[in-house]
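Sequential numbering from 193 applies to the sequence shown in the working numbering.
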Amino acid sequence: MSESGSKIVKVSDWWRGLDHWLVGAFLMLLVGGAVLSFAASPPVAERIGLQPFHFVERHLFFLIPSALVLFATSLLTPRGVRRAAIIILAASLVLMVLTLFIGSEIKGARRWLDFGLMNIQPSEFMKPAFVVVCAFFFAENARRTEIPGNLCALVLLLITVALLVAQPDLGQTMLVAATWGGLFFMAGMPWLWIAVLAAIGLVGAFFAYEVFDHVASRIDRFFTGEGDNYQTDTAREAILNGGWLGQGPGEGTVKRLLPDSHTDFAFAVIAEEFGIITCMILALLFAFIVMRGLSVALAQRDPFVRLSISGLVFVFGLQSIINMAVNLQLLPAKGMTLPFISYGGSSMIAISISAGFVLALTRRRPENRSYTDRLMERTALVHGV
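The structure is reproduced here in structure tokens:
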């Protein structure tokens with residue numbers, strides 16, 4: 193039985209089929225995040241009255257399920273990835289609706305659900321599933337014009353954006369919309385549609401600026417430099433304090449003044465203690481994952497697989513760029529984690545799902561025919577052609 197029709201994958205076949213370059217890059221980020229948590233987390237824990245290694249222990253605790261999730265999802269076939277994405281997306285959207293009513297309110301936003309042992313941010317799990325499901329819709333629309341795949345993808349985008357704006361979480365809204373636009377472009381849509389959607393995006397950004405006070409405040413502070421820029425200014429000071437080679441592990445001083453040094457500003461802590469050179473290596477590692485993923489995607493015959501891989505690495509890379517750009521004061525501040533590096537259980541597990549999907553879709557298979565080829569073959573058999 194071919195792997196595409198079998199639910200069991202031999203470990204030997206799985207390992208031989210994996211893209212080992214991507215595996216190595218993802219593992220380096222996982223291990224690097226665990227090591228760097230020792231530098232970024234203790235000052236925050238001490239500041240709020242917790243044990244110094246509270247966040248380090250929790251980071252290591254979430255590292256185990258994250259690695260297991262990455263392994264389990266990498267075993268899936270493309271059909272299994274699609275089915276898993278549909279289930280995850282449906283569950284995430286339901287939880288995002290519940291978040292609006294019973295979610296924990298933190299800093300004026302309702303983005304988390306309290307499940308006792310941990311707070312879950314459903315929008316993090318929504319992202320990889322959203323990409324895969326939209327890729328499926330776009331691929332189906334290209335294959336069978338009678339199926340309104342593009343319309344389905346647009347409706348899904350509107351539902352997702354509406355839930356994110358209601359929280360509000362405009363950073364994730366921008367990330368999801370940009371990823372959808374990238375998929376739309378890669379699916380071969382006309383430039384006219386792309387221009388129209390870009391105009392709609394600009395109108396939406398203007399609307400957010402006019403309606404949401406915290407958005408306007410962040411943008412105004414970014415362009416004028418006036419107001420409360422404590423976190424971004426401190427992050428910049430930490431980066432400058434580190435120099436090329438850093439102050440050394442545990443020797444950073446400015447990091448102790450950063451309230452979110454373990455989450456949104458972990459990159460600044462890395463710069464202070466390990467140096468700008470280490471930050472450049474980290475940025476190159478993120479860039480390698482994106483470029484490697486896109487190069488493998490281009491070689492895929494199946495449009496669903498090609499679009500899914502491209503979308504997953506695109507959102508991975510864009511989130512990394514946004515986080516690092518905020519630390520470098522190149523973008524207004526927004527709550528966006530650095531994949532695998534920043535503290536956060538939901539983020540780590542969700543990114544592991546995304547990485548697992550990428551490994552599953554890029555895995556070489558004994559039977560590497562596209563989904564379209566197999567469907568056409570079955571159709572021919574049914575009609576006796």
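By construction, the Cβ of each residue, glycine as well, lies at the ideal position given by its N, Cα and C atoms. Bear in mind that the values here come from a model prediction, so they are computed numbers and not experimental data.
Legend entry - Classification of residue 512 by the beta-carbon crowding that lies within 10 angstroms, buried from 16 upward: Here residue 512 refers to the residue found at position 320 when the sequence shown is read from its first residue. Answer is buried; the Cβ neighbour count reaches 16.
Legend entry - C-alpha distance - residue 326 paired with residue 242, whole-angstrom precision: Here residue 326 is taken as the residue at index 134 of the sequence shown, counted from 1. Here residue 242 is taken as the residue at index 50 of the sequence shown, counted from 1. Approximately 42 angstroms between the Cα atoms of the pair.
Inset, instruction - Starting from the Cα of residue 495, find the closest Cα among 543, 379, 353 and give me that residue. - result: Numbered from 1 along the sequence shown, position 303 holds the residue referred to as residue 495. Among 543, 379, 353, the Cα nearest to that of residue 495 is on 379.
Inset, instruction - Examine the Cβ distances between the stretch 371 to 390 and the stretch 415 to 427 and report whether three or more of them are shorter than 8 angstroms. - result: no
Legend entry - Euclidean distance between Cα positions of residue 340 and residue 442: Sequence index remark: in the sequence shown, residue 340 carries index 148 (1-based). Sequence index remark: in the sequence shown, residue 442 carries index 250 (1-based). One C-alpha to the other measures close to 56 angstroms.
Inset, instruction - Within its chain, find whatever has a CB closer than 7 angstroms to the CB of residue 577; leave out the 5 residues flanking it on each side and keep chain order. - result: By 1-based counting over the sequence shown, the position of residue 577 is 385. Residue confidence for residue 577 is low, a pLDDT of 44 falling below 50, so the modelled location carries little weight; the figure read from the coordinates is stated next. No residues qualify anywhere along the chain.
Legend entry - Continuous alpha helix (DSSP H) assignments of at least 4 residues falling wholly in the stretch 277 to 362: 314 to 335, 341 to 358
Legend entry - CB of residue 258 within 7 angstroms of CB of residue 247, strictly: The sequence position of residue 258 within the sequence shown is 66, counting from 1. The sequence position of residue 247 within the sequence shown is 55, counting from 1. Cβ distance not < 7 angstroms, so residue 258 and residue 247 don't count as in contact.
Inset, instruction - Could you check the C-alpha separation between residue 367 and residue 319 for me, to the nearest Å? - result: Translated into the one-based positions of the sequence shown, residue 367 becomes position 175. Translated into the one-based positions of the sequence shown, residue 319 becomes position 127. Computed Cα separation, rounded: 9 angstroms.
Inset, instruction - Could you tell me how far apart the beta carbons of residue 360 and residue 404 are, in whole angstroms, since I believe they sit closer than 8 angstroms? - result: In the sequence shown, residue 360 corresponds to position 168, counting from 1. In the sequence shown, residue 404 corresponds to position 212, counting from 1. Rounded, the Cβ-Cβ distance is 6 angstroms, consistent with contact.
Legend entry - When 251, 253, 519, 280 are compared against residue 265, the one with the closest alpha-carbon: Your numbering for residue 265 matches position 73 in the sequence shown. Minimum Cα distance to residue 265 is reached at 280.
Legend entry - Of the listed residues 296, 303, 275, nearest to residue 288 (C-alpha basis): In the sequence shown, the residue the question calls residue 288 occupies position 96. Cα-wise, what sits closest to residue 288 is 303.
Inset, instruction - Look at residue 324 and residue 538 and say whether their C-beta atoms are less than 7 angstroms apart. - result: Taking the sequence shown and counting its residues from 1, one reaches residue 324 at position 132. Taking the sequence shown and counting its residues from 1, one reaches residue 538 at position 346. The answer is no: Cβ separation not under 7 angstroms.
Legend entry - residue 552 beta carbon less than 7 angstroms from that of residue 273: Reading the sequence shown from its first residue, position 81 is the one you call residue 273. Reading the sequence shown from its first residue, position 360 is the one you call residue 552. Result yes, Cβ atoms of residue 273 and residue 552 sit closer than 7 angstroms.
Legend entry - CA-to-CA distance, residue 557 to residue 207, given in whole angstroms: Taking the first residue of the sequence shown as position 1, residue 207 is located at position 15. Taking the first residue of the sequence shown as position 1, residue 557 is located at position 365. The alpha-carbon atoms of residue 207 and residue 557 are separated by roughly 11 angstroms.
Inset, instruction - Excluding the 5 residues preceding and the 5 following residue 482 in the sequence, name in chain order all residues of the same chain whose CB lies nearer than 6 angstroms to its CB. - result: Counted from its first residue, the sequence shown places residue 482 at position 290. If we look at residue 482 and ignore the five residues flanking it on each side, its Cβ neighbours are 505, 509.
Inset, instruction - Put residue 210 into one of helix, strand or coil per three-state DSSP. - result: Start at 1 with the first residue of the sequence shown, and residue 210 comes out as number 18. Residue 210 falls in the coil class under three-state DSSP.
Legend entry - Cα-Cα separation, residue 394 to residue 465: Against the sequence shown, residue 394 aligns to sequence position 202. Against the sequence shown, residue 465 aligns to sequence position 273. Cα-Cα distance, rounded: 39 angstroms.
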